[in-house]
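To start, the structure itself, in structure tokens.
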């Protein structure tokens, strides 16, 4: 108990020193994150797949949901985007029939309370503009070491997006239509666990996450884990934080509805291919 107390005192002193250091100049930083999301195998109706085909598809699915992202940030702004890599000839590029699994560049501005995302979906370019999503963080009495930084735990609860493509292949309840429709359409609550370090006093983080008294180094939320693997502070060359500008402008709710409808459409197509589904086989 005493060691934990002294550790917190030490971190607080380091934080004060860090804040004084960062206050001397308009500092910048960059953090690299590895993101892993587990996704369910899509249901292709009555289509038969060999074990070899299933294995190849699972490997492709894994590659689509294991990504490396880079967060470039300053005092008030950040841009979070996937690290550019050359695709292998067998990677399949896009996901299921044009469903792009990669998130576009996400710009966050703490001062203006704004988030802007450059997102492509089924060949169409969207510019999602909205207010920053807000979570009510609960500070927990736990800490751990992540690299050279002492990180503290915080938790929050958020509603899952109805347009979450990681559940594309998941089963839906069919019996008791009215009751189960409500269950299927009801947003699921997700526990979010974050680990942040006051030693880098910016309230930024990966993806949608922000609002803690220090850079968020790790996130666990439902099927996704995001972990910081590298941090660069005050580089010799400034990182350019460009605000996304291309695409059809929509709100986050409007974009979620577009994705949700497409997912439902693809589920229905799969269902109609089953015996007795009412469609062509």
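In my numbering, the protein residues as written are 11 to 291.
All C-beta atoms, glycine included, are put in the ideal place defined by N, C-alpha and C.
Please read all numbers here as calculations on a predicted model, not as lab measurements.
In the three-state scheme derived from DSSP, where H, G and I count as helix and E and B as strand, residue 167 is classed as strand. Of 130, 91 and 82, the smallest CA-CA separation from residue 37 is found for 82. Separation of the CB atoms of residue 139 and residue 259 is rounded to 6 angstroms, and the pair is thereby assigned contact status at 8 angstroms. Between the alpha carbons of residue 134 and residue 247 lies a distance of about 34 angstroms.
Exposure of residue 132 is indicated by the presence of fewer than 16 other C-beta atoms within 10 angstroms of its C-beta. Its Cα nearest to that of residue 42, the residue 91 stands out among 91, 87, 74 and 85.
The three-state reading of DSSP puts residue 69 in helix, counting H, G and I together. The Cβ neighbour count for residue 239, taken over all protein chains shown within 10 Å, is under 16; the residue is labelled exposed. Annotated as proximal: residue 210 and residue 225, with beta-carbon spacing under 8 angstroms. For residue 39, the uninterrupted beta strand (DSSP E) run begins and ends at 39-47, by DSSP. In this structure, the CA atom of residue 275 is about 12 angstroms from the CA atom of residue 267.
Taking a contact to require three or more Cβ pairs closer than 8 angstroms, the stretch 114-133 and the stretch 228-244 do not qualify as touching. DSSP places residue 231 in the strand class (E or B) of the three-state scheme. Taking C-beta atoms under 8 angstroms as the contact rule, residue 165 and residue 46 fail to qualify, at a distance of about 20 angstroms. For the pair residue 148 and residue 212, the Cα-to-Cα distance works out to about 18 angstroms. Ranked by Cα distance from residue 158, the options 130, 208, 256 and 60 are led by 208.
Judged by their CB atoms, residue 118 and residue 88 are nearer to each other than the 8 angstroms cut-off. By the neighbour-count criterion, in which a residue is buried when 16 or more other Cβ atoms sit within 10 angstroms of its Cβ, residue 167 is exposed.
The alpha-carbon of residue 171 is positioned some 8 angstroms away from that of residue 198.
For residue 90, the uninterrupted beta strand (DSSP E) run begins and ends at 87-92, by DSSP.
By a beta-carbon distance limit of 8 angstroms, residue 217 does not contact residue 121. Their separation comes to about 19 angstroms.
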